[in-house]
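If you're matching positions, the sequence shown starts at 0 in numbering that gives the first Met the number 0 and goes up one per residue.
Even for Gly, the Cβ is constructed at its ideal location relative to N, Cα and C.
Read through the structure below, which is laid out as structure tokens, and then see the notes.
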Amino acid sequence: MNEPCALVIFGSTGNLARNKLLPALYHLEAAGQLAGPTRILGFGRRNWSDGDWQAEVERALAERARGGLDPEVLRRLAARLQFVSGDLTEPEAFVRLRERLRGDGGMPVNRVFYLAVAPSHYGEVAELLAAEGLNDQSDGWSRLVVEKPFGFDLESAQILDERLHRRFGEDQIYRIDHYLGKSTVQNVLVFRFANLMLEPLWNRNYIDHVQISHGEARGIEERAGFYDGVGAMRDMIQSHLLQMLTLVAMEPPPSLDAEALRDEKVKVLRSIRPIPRQAVHAHAFRAQYRAGELKGAKVPGYLEEPGVGHNSATETYAALKLYIDNWRWRNVPFYLRTGKRLAATNSLIAIRFKHPPQQLFRHTAIEQLEPNWLLLNIQPNECMRVEIQVKQPGLQMRTQTERLDASTCTLGSSQIDAYEALILDVIEGDHSLFLRYDEVNWAWRVVDPVLKLWATERDFIQTYSAGTWGPGEANRLFDRDDQDWRNGLDG
Ligand SMILES: NC(=O)c1ccc[n+]([C@@H]2O[C@H](COP(=O)([O-])OP(=O)(O)OC[C@H]3O[C@@H](n4cnc5c(N)ncnc54)[C@H](OP(=O)(O)O)[C@@H]3O)[C@@H](O)[C@H]2O)c1
0 MNEPCALVIF GSTGNLARNK LLPALYHLEA AGQLAGPTRI LGFGRRNWSD
50 GDWQAEVERA LAERARGGLD PEVLRRLAAR LQFVSGDLTE PEAFVRLRER
100 LRGDGGMPVN RVFYLAVAPS HYGEVAELLA AEGLNDQSDG WSRLVVEKPF
150 GFDLESAQIL DERLHRRFGE DQIYRIDHYL GKSTVQNVLV FRFANLMLEP
200 LWNRNYIDHV QISHGEARGI EERAGFYDGV GAMRDMIQSH LLQMLTLVAM
250 EPPPSLDAEA LRDEKVKVLR SIRPIPRQAV HAHAFRAQYR AGELKGAKVP
300 GYLEEPGVGH NSATETYAAL KLYIDNWRWR NVPFYLRTGK RLAATNSLIA
350 IRFKHPPQQL FRHTAIEQLE PNWLLLNIQP NECMRVEIQV KQPGLQMRTQ
400 TERLDASTCT LGSSQIDAYE ALILDVIEGD HSLFLRYDEV NWAWRVVDPV
450 LKLWATERDF IQTYSAGTWG PGEANRLFDR DDQDWRNGLD G
């Protein structure tokens, strides 16, 4: 059993806490993964008692507990819940927090501070915690979990990192990218490094290109305050999609320990060919959704969403072409793409292989051979699929695409949520699935030239109809006419 701790959630009334953290803690409770004395403290501006917070948590969990709420699990979880009322910017609130953390004899000495608040608060909260000695590790450990986005660009990430490091050591900081907690994403490592047969194919000699995409059918919902001005490139590509790229492209690490793994990921990011300002339009594309139709219902355009400025040029769709200048990947394009209000919600890594070197079937009825694809679907269905060519039954020599599906296809609904795995890793002190600062820094360096140019071009942005797969103009990123986006497992 892992060590007991006091887990403090800043932003306990927010979207992330309600939708992800509290359900994850409930499921960890159900799985018996929380040590007996572990406590969960909500920190927030509401004037709530412990009982009010427990009732709120129950409400939040009612719709989100897998398989329905189990009263016994809820009872055990509720016994751990306490609430500390206060404003994040108020030093006295941190005095109250310290008293709560030190006052009760049953309170564990180990602490996790989860910053589920806007990134603009991270530095200040770290300083206020330190002012009360809550960063001190002489009695037990003290860990700080920060959510993405880590910074707004390269410069602000650097400033934030220096600010956090003045109070917390690198070993205390856990920078979350929840995509790394998804089991299919981790499966990329297993798939690559536990199956020798792939290794000879995994390079520029056999792979034509790689696509990494994350599409969402939903719009920005109530999150204009966060999203407008941030946009798709920062929200998805700088973090999740570049992380997936590192897992696809990295060399085998000498071991799976956190430092070895992260060293290899950083090497990939450092090897990405920088995009000079004059080449930004050849490598990057952005657009914004306009009103459209999704599953038969009319949906508003981005500019009509509540809280969005009427002339906002924030991109809700972004695509990026990258090259990794190393021995393995030189000149293999990696296409990254994300969008909101697309035709469906799906995250996919799609690897297209080259055509066979000789067209042996030229003089048969086969018009054109389809290339092989390897598809790693991340969500909503976790699936691995290989598309191969086989002969059609019958007298003529014709081919058809057959799909070999790995059995993980059927596991989807019972999979644990990424936040369960990640919270457990924080408690266990395992940094493997968290970002080291140099990863964040190099990821910002990749997208920074694009963001800088886009920031100067605010007068016009391409649009696409909500409910489609985005603008056709994004195809201009492809190196060749026979390359096209894969929108999901089936096409
Ligand atoms: N939501 C997600 O799915 C998601 C996914 C990935 C990353 N993130 C990141 O997670 C963080 C939180 O996102 P979110 O969507 O949960 O935001 P949110 O719904 O806006 O919640 C923000 C939380 O911060 C609290 N807060 C704001 N100012 C405060 C203050 N002065 N004193 C005390 N509490 C204060 C709010 O409390 P009140 O209720 O009192 O306003 C609320 O609980 C952000 O960094 C976001 O980028 C979120």
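By the criterion of a C-beta distance shorter than 7 Å, V72 is surrounded in its chain by Y25, E28, A29, once the five residues flanking it on both sides are discounted. W484 carries a coil assignment under DSSP once its states are collapsed to helix, strand and coil.
In the three-state reduction of the DSSP assignment, T462 falls in the strand class.
One alpha carbon belongs to Q388, the other to L368, and they sit about 8 Å apart. As DSSP reads the structure, W372 sits in a beta bridge with R351, E386. For the pair S48 and P275, the Cα-to-Cα distance works out to about 55 Å. Distance from the C-beta of S48 to the nearest heavy atom of ligand 1 is not below 7 Å. For K451, the uninterrupted alpha helix (DSSP H) run begins and ends at 436–455, by DSSP. Excluding residues up to 5 positions away in sequence, Q395, M396, R397 lie with their Cβ nearer than 7 Å to the Cβ of A364 in the same chain.
The beta carbons of L195 and F333 sit no closer together than 8 Å. Annotation: the continuous alpha helix (DSSP H) that includes G102 extends over 90–102.
Judged by DSSP secondary structure, E126 falls within the alpha helix (DSSP H) whose first and last residues are 121–130. A Cβ-Cβ separation of about 6 Å places N330 in contact with R203 under the 8 Å criterion. The C-beta distance from A442 to Q237 rounds to 5 Å, short enough to fall under 8 Å. The C-alpha of K353 is placed about 51 Å away from the C-alpha of D69.
According to the DSSP assignment, G41 belongs to the beta strand (DSSP E) that extends over 38–43. Annotation for K297: the continuous beta strand (DSSP E) segment containing it runs 296–298.
D404 carries a strand assignment under DSSP once its states are collapsed to helix, strand and coil. Straight-line measurement puts the Cα of V124 at about 13 Å from the Cα of V111. Within its own chain, the residues whose Cβ lies closer than 8 Å to the Cβ of D86, once the five positions on either side in sequence are excluded, are R44, A92, listed in chain order. Sequence-distant Cβ neighbours of K320 in its own chain, meaning closer than 6 Å and more than five residues away, are H282, P332, Y334, L476.
Residue pairing by DSSP places K320 opposite Y334 in a beta bridge. Contact annotation: the stretch 304–319 does not touch the stretch 174–192, with fewer than three C-beta pairs closer than 8 Å.
A distance below 7 Å between beta-carbons, with the five flanking residues on each side excluded, links G487 to the following residues of its chain, in chain order: A343, N345, L347.
By the CB criterion at 8 Å, G150 and L159 fall inside the cutoff. Annotation for Q277: no alpha helix (DSSP H) segment contains it, and DSSP assigns it neither H nor E.
A direct Cα-to-Cα measurement between D207 and W328 gives close to 10 Å. Judged by the Cβ position, K19 qualifies as a neighbour of ligand 1 at the 7 Å threshold, a heavy atom of the ligand being closer than this.
Rounded to the nearest angstrom, the Cβ distance from H213 to T12 is 27 Å, too far for a contact under 8 Å. Under DSSP, S48 forms no beta bridge with any residue.
Using a cutoff of 7 Å, the CB of H239 does not count as near ligand 1, since none of the ligand's heavy atoms is closer than that. Residue range 206–214 is occupied by the beta strand (DSSP E) that includes I211, with no alpha helix (DSSP H) assigned at that position. A distance of 8 Å or more separates the beta carbons of P107 and G132.
Assignment of G291 by DSSP, reduced to helix, strand and coil, places it in the strand class.
The alpha-carbon of E304 is positioned some 40 Å away from that of D429.
Bounds of the alpha helix (DSSP H) holding L268 are 257–270.
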